[in-house]
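Below is one structure, written out as structure tokens; comments come after it.
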Amino acid sequence: MKKNYFSMLVAFFTLLTTQAQTAPGSTAFTDTAVTTTSYNSVFTKDLSNRKNAIAVSFGSPGIGFEFARKLGNKLTARVAYHMFSLKDYEAKDVNIGADDVTILGSLETQVWDFGGEYTPFTKSSFKLTFGVGLLSNVNLNAKVTYQEDVTYGAVTVTAENVGHVLIDSKWSGAAPFLGIGFGRAVPKNRIGLSFEFGTYFASSPKVTLDATKLLAPTKDQEANLQDAFESLKFIPRAQIKLAIKL
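Here the sequence shown stands for residues -22 to -1, 1 to 224, numbered as in mature numbering (1 follows the signal peptide of the UniProt record, and there is no 0).
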């Protein structure tokens, strides 16, 4: 009987000891909490010390890939590559004068951006973006064809025999850019989202005009078309970007 009492007492004190070690005020519990807190503190500090980030963007220059490095509390350097390709986009029933035409258009962009961003306010993600874009290939062309037959007096010419007009425009060279936005290229947290709005200041595009069959005389208007494109020196630069701190 005494042995049974003794065994029960040993079991009881063992249980108390175990509960005391895992209680919120116990040393073991405190050590665990301190260890977790220390780990979180070290991780947060390590994250804040990281200065590099990569990003993917979507916008008017196309799909972009960027690398950014923080140079100071307010200044960040960036380099990015944008590309986009849209071929043979067809728009029917486009009205030009009294005629309905079909326009088959294509757009291709390849742009390198070298620049940076400046965040003037410590507690705000508002930023100014700046730099130079190298327009290695920014090309827009359109093929215009008649949808209906054309009648000249008693003569009717089928749409296939009217011919087509081909307009090709290409921007190239260096184009400075400026803009504003919200969000940092090197985010404070591990992942960050940002928006940018601005423009490239490019030279006017090189325009060529070609025409076939009955529309062949239209080729004489190439110089006038080039003059009309002279004002197209501003290329929109708007994008949304997802960045990951390295």
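We put the beta carbon where it would ideally sit given N, CA and C, even for glycine.
I'd like to know whether the C-beta atoms of F116 and A152 end up nearer to each other than 8 Å. First, the amino acid is wrong: residue 116 is Val here, not Phe. Not closer than 8 Å, so no.
Could you tell me whether the segment 183 to 201 touches the segment 141 to 152, using the rule of 3 or more Cβ pairs below 8 Å? yes
Using a Cβ-Cβ cutoff of less than 6 Å, which residues in the same chain neighbour L64 once the five nearest sequence positions on both sides are dropped? L85
Name the DSSP bridge partner or partners of Y214? Per the sequence shown, the amino acid found at residue 214 is Pro instead of Tyr. Bridge partners of P214: T177.
Per DSSP, the bridge partner or partners of A46: A31 and R56
Are G176 and F155 touching if we call contact CB-CB under 8 Å? yes
Report buried or exposed for L113, applying the criterion of at least 16 other Cβ atoms within 10 angstroms of its Cβ. buried
Is there contact here, the segment 121 to 132 with the segment 168 to 185, by at least three beta-carbon pairs under 8 Å? no
DSSP on E95, reduced to helix/strand/coil? strand
Does the pairing of the segment 94 to 103 with the segment 67 to 82 give three or more beta-carbon distances under 8 Å? no
Buried or exposed (CB count within 10 angstroms, at least 16 for buried), P39: buried
Taking C-alpha atoms, which residue in A206, I81 and H60 lies nearest to Q125? I81
Quick check on DSSP: helix, strand or coil for V164? coil
Taking the alpha-carbon positions, what's the K70 to F173 distance? 34 Å
When burial is assigned at 16 or more other CB atoms within 10 Å of the CB, is residue 225 buried or exposed? There is no way to answer for residue 225, as the model of the chain reaches only from -22 to 224.
From W149, A201, V164 and E200, pick the residue whose C-alpha is nearest to that of P183; which is it? W149
I need the boundaries of the alpha helix (DSSP H) containing A206, first residue and last residue. E200 to A206
Could you check what DSSP says for V197 in three-state terms: helix, strand or coil? Checking the sequence shown, residue 197 turns out to be Lys, not Val. Helix at K197.
Distance, N167 Cα to G93 Cα: 22 Å
Residue nearest to I169 in terms of C-alpha spacing, selected from Q217, H60 and I222: I222
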